[in-house]
Each structure stands twice: as C-alpha cells, then as structure tokens.
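Structure first, then comments.
2 protein chains.
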Amino acid sequence: MDAEATEHAGRPTLAAVAALAGVSASTASLAFSGAGPVADATRERVLAAARELGYAGPDPFAQSLRRGRSGIVGVVMEDRLSDAFRDPINIAMLDGIADALGAEGLSLLLLTETGESGTDYSLAPMDGVILVGCSRELDAPVTAFQQRGIPIVAIEAERMPGVFPVDLDNRPATTRGAQHLRDLGHSRVALVTLPLEGSRERGDLSLEREAESRAHTTIERIRGAREVFPWAAGVVAAESSVDAGLDAGRALLARHPRPTAVIAQSDLLALGVIRAAEEAGLAVPGELSVLGFDGARIEGVAPHELTTLVQPAVDKGRAAGRAVVELLAGRQPEPASFTSELRIGTTTAPPASGEH
Amino acid sequence: MDAEATEHAGRPTLAAVAALAGVSASTASLAFSGAGPVADATRERVLAAARELGYAGPDPFAQSLRRGRSGIVGVVMEDRLSDAFRDPINIAMLDGIADALGAEGLSLLLLTETGESGTDYSLAPMDGVILVGCSRELDAPVTAFQQRGIPIVAIEAERMPGVFPVDLDNRPATTRGAQHLRDLGHSRVALVTLPLEGSRERGDLSLEREAESRAHTTIERIRGAREVFPWAAGVVAAESSVDAGLDAGRALLARHPRPTAVIAQSDLLALGVIRAAEEAGLAVPGELSVLGFDGARIEGVAPHELTTLVQPAVDKGRAAGRAVVELLAGRQPEPASFTSELRIGTTTAPPASGEH
DNA sequence: GGGGCGAGTCGAATCGATTCGATCGAACCG
DNA sequence: CGGTTCGATCGAATCGATTCGACTCGCCCC
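These protein sequence lines map, in sequence, to chains A and B. Quick note on the numbering used here: the first sequence kicks off at 2 and runs consecutively. Quick note on the numbering used here: the second sequence kicks off at 2 and runs consecutively.
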C-alpha cells in the first residue's frame with residue numbers, strides 16, 4: 002500500500018509524489034521544473050506518480066515564496082473599473098501592457114484605488130507594479146512598494162525618485178493643438194478637462210483647484226493649452242465619457258460670450274461637446290471648433306472626423322510593461338517618452354466671420 | 002549596535018523586526034495581524050522597530066503559503082484584452098465581478114487564453130477562478146484547477162461537474178426576440194452571430210460549424226432563434242464589434258432574397274448591421290428590422306433606439322464574484338440564473354408591405 | 001590503470017511568515 | 001488565602017517547494 006502517500010487528507014504534495022515514485026523531493030522538483038539533469042526514466046516515473054495521485058504540479062504559493070517571484074504585475078488604476086474602461090484609450094494602453102507582460106509569462110493584476118476603505122493593495126503578492134493615471138496621493142503606497150523592493154513604473158505621472166517614468170508629451174502636444182486653433186483664427190477658446198482630483202463632479206476650472214491638484218495628465222494638458230491661450234476658461238469634467246463631455250459642453254455653450262472653439266482633453270469629451278453643440282443648434286465646425294485628444298477611433302463621431310491629438314497608447318502600455326520586465330531582470334530600462342500627433346479632421350475650422 | 006538586525010543584505014524580515022523590538026516572532030506577527038491579544042505598549046514597540054528598519058509588513062508570498070490564500074481571483078477571458086474589452090457588456094460584467102470581489106478584499110487577475118503558446122495560466126497563485134465566455138476546450142485547465150482545489154465559477158458555459166454555473170437565459174431570450182419579429186410579420190430573418198470558435202474570421206453559418214463549436218453563448222442564442230425561424234441563415238462575425246457587424250451586414254444584404262430582419266447577437270453587431278443598411282440605402286426599420294442583444298447603451302446608435310434584449314450584466318458579474326466568495330468560504334452558493342428583457346426600440350417594425 | 005569529468009541523485013538548508021499549545025503572572029472571587 | 005481564569009508572550013511545528021553542495025557511478029582518455 003502507498004500508505005505514506007495517501008494517509009493525509011489534504012492535496013498531494015511534491016513530497017508525496019516523490020515518495021510514490023521512489024525518488025527524493027529534490028529530484029521530483031527537478032523533474033517538474035526541467036532545470037537540472039534528470040534521467041528520462043526517472044522523470045517518467047515521477048510524472049506517472051503525479052498522475053496517479055492527481056498532483057497538478059508544484060504549489061504556486063510555495064513557489065512564489067521560494068523563488069521570490071509570483072509572475073504577477075499589478076496595474077493600479079485610480080477609478081472604478083467601469084470608469085477606467087469606459088475610455089477606449091485606457092483599454093488600448095492596458096492591451097499594450099498585457100501584451101508586453103504576456104510575452105514574458107507575467108500576468109496582470111487589476112488594482113483599483115478603492116478609496117481609503119478597502120484593503121491596502123500594496124499587500125498583494127506581486128513582482129512589480131504599474132501606476133497609471135494617478136492623480137491621488139500615492140506617496141504611501143509608493144513607499145510601501147519601495148520598501149518591499151517592488152519595481153515601480155508610472156505612466157504619465159510626476160517624477161518620483163525610484164519610480165521609472167513612461168511619459169507622453171501631453172503639454173507640447175496640447176500646445177500644438179492649440180496652435181492649430183489659433184492659426185485658424187480662434188481666440189475665444191475654452192477647455193474641457195479631465196478630472197482634476199477624484200471629485201467626480203463637474204466644476205469650473207479655477208486656478209486654485211488647478212494649483213492643488215495632482216492629476217498630472219490633466220494639469221499638463223491645461224498648461225499646454227495655456228501656452229497659447231493663457232486666459233482660457235474651462236470646465237472640469239466628471240470623467241472621461243461622452244455624457245460628461247455633453248454636460249461640460251452645455252455649461253460652456255451657455256456662456257457669454259460663447260467660445261468659438263473647445264479644447265477637450267479626450268475624444269470622448271470632445272464627442273460630448275459636439276453633441277452639446279448639435280443640441281444647441283450650433284454647427285460644427287462652422288460655429289464651434291472642437292479639438293480632442295487620444296485618437297482612438299470611437300463610435301458615434303460620424304459624420305465628423307475628429308481633429309485630435311493621436312497618442313500611441315498601445316505602445317505606451319507596451320513600453321510600461323517592458324520596463325517592468327527589465328526592472329525585474331535587474332536591468333535599467335531605456336527611458337520611454339511618447340509623442341502625440343495632431344490629426345486634423347473635420348471638426349476644426351476658422352471661426353464664423355462675425356465672431357473674431 | 003543592532004548587528005543581528007542589519008547584518009544581512011536583504012530586506013528586513015518579521016524576525017528582524019521582532020529581534021529589534023525584543024519580542025518573539027510570534028508576538029510580532031500578532032502585532033501586525035491584529036489577531037490575538039497584544040499589549041498596546043508591545044505593539045507600539047514592534048511598529049517602531051518596523052519603522053526603523055523600513056519593514057513594510059509581512060511578506061505576501063510567505064503569507065500566501067502559510068494561509069493557503071493569496072486574495073487573488075483569476076478571471077479567464079478567451080480573447081485578447083483589447084477584443085474582450087471592446088464590447089461594453091464585458092466591461093459591465095467585469096465591473097460587477099470586481100465589485101463583488103473588492104467588497105471582500107479580493108483582487109482580480111486578468112488571464113487570457115494565450116492560445117497554446119503562452120504559459121499555462123493555471124499555475125498562477127490564485128484562490129479561485131471565474132471562467133467567462135469560454136468557447137475553447139477548457140477541460141485541461143478545469144481539471145488542473147480542480148486538482149488544486151481551486152473553486153471554479155463559469156459564466157454562461159456548458160455544465161461541467163464541479164463547476165459552479167452563472168447563467169443567462171440566452172436561448173429563451175432570443176426566442177422572445179425572434180417571436181417579436183414574427184409577430185411583426187417577418188419571415189425572412191437572418192442571423193449575425195458571435196464567433197463560434199476562436200476563428201476570428203467571418204464565415205457563413207453552417208450546421209457543421211455549429212455542431213462542432215463549443216461557444217456556448219453563441220450556440221444557445223442560435224438555438225433560441227431557430228425555435229421561431231428554424232431555417233434562418235446567418236453569418237458568423239469575427240468578433241463583437243461594430244466593424245464586424247458591418248462586415249457581416251454587408252454580406253447578408255447582398256443576398257437574394259434579402260432578409261427583412263436581422264437578429265444580431267450583440268448590440269455592437271446590431272449597430273454594424275444598421276450601418277450596413279444605411280450604406281446600402283435601406284431604411285431601418287422600414288426596409289430592415291434589426292434586433293440586438295445586451296442592452297448596454299452604446300454610442301453611435303442615434304437617431305435609432307435599438308430593439309434589444311437587455312441583460313443584467315453587472316448583476317451577472319456580481320453574482321459570479323459572490324459565488325467565488327461563497328465557495329472560498331466553504332459554503333455552497335445559491336445557483337444564479339439571470340433573465341434578459343426585450344426592450345423594444347425603433348429598429349424593428351413590420352416588413353415593407355411588398356416583402357412578405 | 002588512474003585521474004578526471006559529467007550525468008544523475010540525494011540531504012539539508014532556506015524562503016518568511018502563522019498558529020497551536022504551553023507557560024507565566026496577575027487579577028479576581030468566594 | 002488558594003484556586004481559577006484571563007491576558008500576554010513565547011517555542012516550535014508547519015505551509016510546500018527550490019537549490020546548493022556533496023556524493024556516487026560509469027566512462028573516456030592518456
């Protein structure tokens with residue numbers, strides 16, 4: 002009888018398999034991992050024993066402990082999932098991340114800032130972490146990650162020592178877009194920005210709010226616009242969605258004097274603004290020009306073709322993924338910085354003649 | 002000097018902290034976990050020692066091994082992320098999952114079937130797993146999970162012993178939708194289905210393909226339609242997207258005789274079909290009725306309001322998440338089955354008079 | 001024939017915590 | 001005042017594998 006192998010109730014362990022196969026645990030381990038030399042006959046015997054006992058291979062928990070690696074990389078997004086995934090640009094980026102990680106056999110742990118309530122996500126068993134679109138205070142978790150020796154990559158975030166950055170040219174790109182509007186002859190230009198803090202509520206863009214916010218991407222894009230239109234007013238959207246853009250657009254178009262152009266910080270917001278214009282009976286681009294950001298083709302823009310700043314979101318994600326891989330391998334990655342391109346569509350045009 | 006505490010190069014361990022604080026490892030552990038009685042002064046001393054050493058708390062890997070739990074639940078999707086997330090219905094479902102898991106402090110590991118190439122995802126350190134939209138062969142991974150004692154929940158999948166099901170009434174719901182079309186007077190009805198296998202290519206719906214496919218949701222919805230229109234022809238879309246729907250729609254509308262109504266298996270596909278109709282100069286619903294499935298409001302449908310089967314995707318996801326939680330707690334969850342509701346919009350109408 | 005090498009295997013230490021049972025006082029109660 | 005209980009702490013076993021160094025053969029080559 003294989004008394005030793007089956008006397009305990011729990012799941013079979015490597016030791017049990019080894020015992021049944023008549024080899025030591027070390028050899029059995031080698032047989033599974035493939036590292037080190039093992040005679041074919043022995044390996045076969047071990048595998049057979051595993052089959053007999055219903056052993057599914059080494060326990061991942063034990064492996065993680067021993068190896069110090071779990072094969073998991075966390076991706077921290079500030080929003081609820083449904084919010085984060087509402088914008089296709091985030092999905093594109095995530096896809097890039099997943100692509101780079103998957104190529105190395107790493108998988109992707111979705112972590113959302115559950116506010117202060119939930120469990121601290123820095124205690125998840127992961128090898129590295131990618132911070133994306135982080136507006137909130139991250140000092141505490143970042144410190145925790147660093148103490149754990151977990152490599153950190155941050156996409157479009159403020160510089161932090163020990164955090165590897167993956168950047169997008171948010172500010173200069175927006176400047177180029179704004180320049181395009183100025184070249185067309187616009188001067189009454191308004192902004193529809195992404196959220197400034199975790200507020201989730203529409204509000205006017207004020208210098209105060211701006212000053213105390215840490216929403217890096219939003220701020221950079223505002224600054225880029227300000228370089229061309231220093232006193233542009235604006236509305237802070239509740240989130241990146243068509244509805245939020247519609248809401249913001251309504252607010253803007255009710256103002257006097259009405260802006261002749263809107264710089265929206267995402268394509269979804271831009272589409273919302275276009276909807277608001279249609280609603281108000283204003284022609285786009287005849288009576289209102291609209292500039293977006295991102296350049297992921299989204300549904301519902303037709304018959305327009307959005308003028309927008311096309312960012313290489315997938316590449317950006319992929320770069321972040323690869324950076325983690327490099328850091329995990331103990332190498333220093335190449336700093337990555339991506340450039341957006343102004344794609345001129347049919348939603349921008351010179352302002353109506355009477356207007357400037 | 003705190004020689005013992007700092008003599009090793011690596012990160013500080015609980016033992017080092019305990020040593021510095023002058024207590025045993027067991028007590029230090031208690032101080033961190035909060036389980037068991039510890040004098041306030043002692044806890045304070047341990048925490049101070051941790052601070053001094055830069056100790057970020059117990060190592061998650063070690064915790065996982067000891068406790069046999071990692072706090073991670075895997076979600077297996079068959080597609081690439083970008084494909085899976087293209088359809089808002091999946092996002093809604095994922096949001097429900099994340100919601101239910103987050104409430105229990107669990108986090109969500111995204112696993113995609115990387116084909117046969119990538120690493121086997123069943124070796125990730127997770128406590129439970131949710132299978133979603135699984136068409137491919139899953140027997141091997143399911144067996145592996147079961148051998149590991151990992152609870153499995155499957156959303157809209159074939160029954161498998163030991164796998165807890167979360168169901169949607171795909172077949173009867175589609176029957177109700179088809180009935181609606183018949184009631185309007187349609188008889189030349191065509192199908193645009195979700196993918197049948199991992200083929201990612203448009204193709205005609207044939208009985209063979211149908212018979213050998215394991216794409217549960219797709220098959221069930223086809224059967225539901227067949228109960229009303231037994232000989233309906235159809236096209237299998239490459240994926241759930243507007244483009245794929247457009248592609249399928251073009252193929253269908255080129256046929257003679259042209260169908261007077263299309264049953265699309267997702268709203269995105271339905272929208273694509275509407276686009277194809279517009280393209281062909283056919284009025285919707287005057288010359289072509291279109292029925293969708295899902296009911297997540299998507300952009301670009303305007304000015305139509307899609308007639309569709311509204312499924313409670315978030316609840317479905319939440320139920321799956323909760324089922325995992327229950328199974329992890331050793332309880333037997335209530336079987337969950339969800340019902341879709343026919344929402345009649347403006348994309349279905351009686352066929353043009355000369356047509357039936 | 002002896003030295004050396006490499007393939008194959010094994011023992012034992014190790015990864016870093018958790019937790020059960022035991023121990024030791026101090027407080028409490030009749 | 002003795003026995004009981006509770007709070008606080010500690011030792012030691014345990015979770016399940018990986019891996020380094022050592023050991024044993026058998027073979028090759030000079």
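For every residue, glycine included, the Cβ atom is placed at its ideal position computed from N, Cα and C. Predicted model only: the values in this text are computed from it and were never measured.
### Message
Measuring straight from C-alpha to C-alpha, what distance separates Asp1 (chain B) and Asp244 (chain B)?
### Response
Outside the displayed span of chain B (2 to 357) sits residue 1 (chain B), for which this structure offers no information.
### Query
By Cβ distance, which residues of its chain are closer than 6 Å to Thr340 (chain B), with the 5 residues on each side in sequence left out?
Here residue 340 (chain B) refers to the residue found at position 339 when the second sequence is read from its first residue. Around Thr340 (chain B): Asp170.
### Task
Flag Gly235 (chain A) as yes if its beta-carbon sits less than 7 Å from any beta-carbon of chain B, otherwise no.
Along the first sequence, read from residue 1 onward, the residue named residue 235 (chain A) stands at position 234. No, its Cβ sits nowhere closer than 7 Å to a Cβ of chain B.
### Message
Can you check whether the C-beta of Asp96 (chain B) is within less than 7 Å of a C-beta belonging to chain A?
### Response
In the second sequence, counting from the first residue as 1, residue 96 (chain B) sits at position 95. Closer than 7 Å: yes.
### Query
Among residues of its own chain, excluding the 5 on either side of Phe165 (chain A), which ones have a beta-carbon nearer than 6 Å to its beta-carbon?
Indexing the first sequence from 1 puts residue 165 (chain A) at position 164. Only residues of its own chain outside the window of five on either side were considered, and among them Val154, Ala324 have a CB closer than 6 Å to the CB of Phe165 (chain A), listed in chain order.
### Leu208 (chain B) to Val263 (chain B) span [Cα, whole Å]
Counting from 1 along the second sequence, the entry for residue 208 (chain B) is found at position 207. Counting from 1 along the second sequence, the entry for residue 263 (chain B) is found at position 262. One C-alpha to the other measures close to 19 Å.
### Query
What are the start and end residues of the beta strand (DSSP E) that includes Thr309 (chain A)?
Within the first sequence, residue 309 (chain A) is the residue found at index 308, counting from 1. That run of the beta strand (DSSP E) goes 308-311.
### Query
Skipping 5 residues on each side, what residues in its chain have a beta carbon closer than 6 Å to that of Leu48 (chain A)?
Walking along the first sequence from the start, residue 48 (chain A) turns up at place 47. For Leu48 (chain A), where only same-chain residues beyond five positions count, there are no Cβ hits under 6 Å.
### Coil, strand or helix - Ile92 (chain A) by DSSP
Within the first sequence, residue 92 (chain A) is the residue found at index 91, counting from 1. In this structure, Ile92 (chain A) counts as helix in the three-state DSSP scheme.
### Task
Within its chain, find whatever has a CB closer than 6 Å to the CB of Gly163 (chain B); leave out the 5 residues flanking it on each side and keep chain order.
Reading the second sequence from its first residue, position 162 is the one you call residue 163 (chain B). Same-chain partners within the cutoff: Gln147.
### Query
Does any residue of chain B bring its CB to less than 7 Å from the CB of Pro304 (chain A)?
Numbered from its first residue, the first sequence carries residue 304 (chain A) at position 303. No, Pro304 (chain A) lies away from the interface with chain B (no Cβ there is under 7 Å from its Cβ).
### Task
Return the CA-CA distance between Val182 (chain B) and Thr349 (chain B), expressed in angstroms with no decimal places.
Here residue 182 (chain B) refers to the residue found at position 181 when the second sequence is read from its first residue. Here residue 349 (chain B) refers to the residue found at position 348 when the second sequence is read from its first residue. In the sequence as displayed, the identity of residue 182 (chain B) is Leu instead of Val. Answer to the nearest angstrom: the Cα atoms are 7 Å apart.
### Query
Using the rule of at least 16 other Cβ atoms within 10 Å of the residue's Cβ for burial, across every protein chain shown, is Thr347 (chain B) buried or exposed?
Locating residue 347 (chain B) in the second sequence gives position 346, where the first residue counts as 1. Exposed, by the Cβ-count rule.
### Task
State the Cα-Cα distance for the pair Val229 (chain A) and Val326 (chain A), rounded to the nearest angstrom.
Numbered from its first residue, the first sequence carries residue 229 (chain A) at position 228. Numbered from its first residue, the first sequence carries residue 326 (chain A) at position 325. Rounded to the nearest angstrom, the two C-alpha atoms are 39 Å apart.
### Limits of the alpha helix (DSSP H) - the one that Thr219 (chain B) falls within
Taking the first residue of the second sequence as 1, we reach residue 219 (chain B) at position 218. Run containing Thr219 (chain B): 217-227, per the alpha helix (DSSP H) assignment.
### Secondary structure of Pro166 (chain A), DSSP reduced to three states
Mapped onto the first sequence, residue 166 (chain A) falls at position 165. Strand at Pro166 (chain A).
### Task
Look up Ile131 (chain B) in the DSSP assignment and say whether it is helix, strand or coil.
Translated into positions along the second sequence, residue 131 (chain B) becomes position 130. In the three-state reduction of the DSSP assignment, Ile131 (chain B) falls in the strand class, which pools E and B.
### Message
Just to confirm before moving on: does the CB-CB distance between Ser338 (chain B) and Asp100 (chain B) stay below 7 Å?
### Response
Residue mapping note: residue 338 (chain B) aligns to position 337 of the second sequence, counting from 1. Residue mapping note: residue 100 (chain B) aligns to position 99 of the second sequence, counting from 1. No, the pair does not count as a contact, with Cβ atoms beyond the cut-off.
### Task
Give the C-beta separation of Ala130 (chain B) and Val74 (chain B) to the nearest angstrom, bearing in mind that I take them to be a contact with Cβ-Cβ under 8 Å.
Start at 1 with the first residue of the second sequence, and residue 130 (chain B) comes out as number 129. Start at 1 with the first residue of the second sequence, and residue 74 (chain B) comes out as number 73. Correcting the residue type first, residue 130 (chain B) is Val in the shown sequence and not Ala. Confirmed, about 7 Å.
### Message
For Leu270 (chain A) and Ser241 (chain A), which I take to be in contact (beta-carbon distance under 8 Å), what is that distance rounded to the nearest angstrom?
### Response
The residue given as residue 270 (chain A) occupies position 269 in the first sequence. The residue given as residue 241 (chain A) occupies position 240 in the first sequence. Sure, about 6 Å apart at Cβ, within 8 Å.
### Query
Of all Cβ atoms in chain A, is any one closer than 7 Å to the Cβ of Leu1 (chain B)?
Beyond the ends of chain B as shown, which are 2 and 357, falls residue 1 (chain B); an answer cannot be given.
### Task
Throw me the rounded Cβ distance for the Pro196 (chain B) and Ala216 (chain B) pair, which I believe falls under 8 Å.
Reading the second sequence from its first residue, position 195 is the one you call residue 196 (chain B). Reading the second sequence from its first residue, position 215 is the one you call residue 216 (chain B). Their Cβ separation, rounded to whole angstroms, is 6 Å, which keeps Pro196 (chain B) and Ala216 (chain B) in contact under 8 Å.
### Message
Is any non-hydrogen atom of the ligand COA found closer than 6 Å to the C-beta of Ser214 (chain B), if you look at the structure I gave you?
### Response
Absent from the structure shown: the ligand COA. Ligands present: none.
### Query
So Ile358 (chain B) is in the alpha helix (DSSP H); what residue range does that whole segment cover?
This structure gives no information on residue 358 (chain B), because the portion of chain B shown stretches from 2 to 357.
### Query
Which value, in whole angstroms, describes the spacing of the CA atoms of Ala93 (chain B) and Pro61 (chain A)?
Stepping through the second sequence from its first residue, residue 93 (chain B) is reached at position 92. Stepping through the first sequence from its first residue, residue 61 (chain A) is reached at position 60. Cα to Cα, Ala93 (chain B) sits roughly 30 Å from Pro61 (chain A).
### Message
I need the straight-line Cα distance from Ala284 (chain B) to Met127 (chain B), nearest angstrom please.
### Response
Start at 1 with the first residue of the second sequence, and residue 284 (chain B) comes out as number 283. Start at 1 with the first residue of the second sequence, and residue 127 (chain B) comes out as number 126. Rounded to the nearest angstrom, the two C-alpha atoms are 51 Å apart.
### Beta-carbon proximity list for Ser34 (chain B), same chain, < 8 Å, skipping 5 on both sides
For the purposes of this step, residue 34 (chain B) is identified with residue 33 of the second sequence, where counting begins at 1. Around Ser34 (chain B): Pro59.
### Query
Excluding five sequence neighbours on each side, which residues of the same chain lie with their C-beta closer than 7 Å to the C-beta of Ala26 (chain A)?
Within the first sequence, the letter at position 25 stands for residue 26 (chain A). Excluding residues within five positions, the ones whose Cβ falls inside 7 Å are Leu15, Ala16, Ala19.
#### Entry: Simplified DSSP assignment, three categories, for Leu213 (chain B)
Stepping through the second sequence from its first residue, residue 213 (chain B) is reached at position 212. Note on identity: in this sequence residue 213 (chain B) is Glu, with Leu being the wrong assignment. Helix.
### Query
Does DSSP put Ser338 (chain A) in a helix, in a strand, or in coil?
As a working mapping, residue 338 (chain A) is identified with position 337 in the first sequence. Strand, per DSSP.
### Task
Using beta-carbon positions only, say whether Leu310 (chain B) and Leu272 (chain B) come within less than 7 Å of one another.
As a first step, residue 310 (chain B) must be located in the second sequence, where it is residue number 309. As a first step, residue 272 (chain B) must be located in the second sequence, where it is residue number 271. No, the pair does not count as a contact, with Cβ atoms beyond the cut-off.
### Beta-carbon separation (whole angstroms), Val237 (chain B) vs Arg203 (chain B), contact threshold 8 Å
Reading the second sequence from its first residue, position 236 is the one you call residue 237 (chain B). Reading the second sequence from its first residue, position 202 is the one you call residue 203 (chain B). Right, the Cβ-Cβ distance comes to about 7 Å (below 8 Å), so this counts as a contact.
### Query
Is Arg149 (chain A) closer than 7 Å to Ala57 (chain B) when the C-beta atoms are compared?
Position 56 of the second sequence, counted from the start, is the residue given in the question as residue 57 (chain B). Position 148 of the first sequence, counted from the start, is the residue given in the question as residue 149 (chain A). Yes, the Cβ-Cβ distance between Ala57 (chain B) and Arg149 (chain A) is below 7 Å.
### Task
Output the residue ranges of the alpha helix (DSSP H) runs that lie fully inside the segment 23-92 of chain B and measure 4 residues or longer, sorted by chain position.
26-34, 41-54, 61-68, 82-85
### Task
Kindly say whether Val243 (chain A), judged by its beta-carbon, lies nearer than 7 Å to any beta-carbon of chain B.
Residue numbering aside, residue 243 (chain A) sits at position 242 when the first sequence is read from its first letter. It does: the Cβ of Val243 (chain A) has a partner Cβ on chain B nearer than 7 Å.
### Task
Report the three-state DSSP secondary structure of Glu117 (chain A) (helix, strand or coil).
Residue 117 (chain A) sits at position 116 when you count from the first residue of the first sequence. Bear in mind that a pLDDT of 48 at Glu117 (chain A), under 50, signals an unreliable position, so the model cannot answer this.
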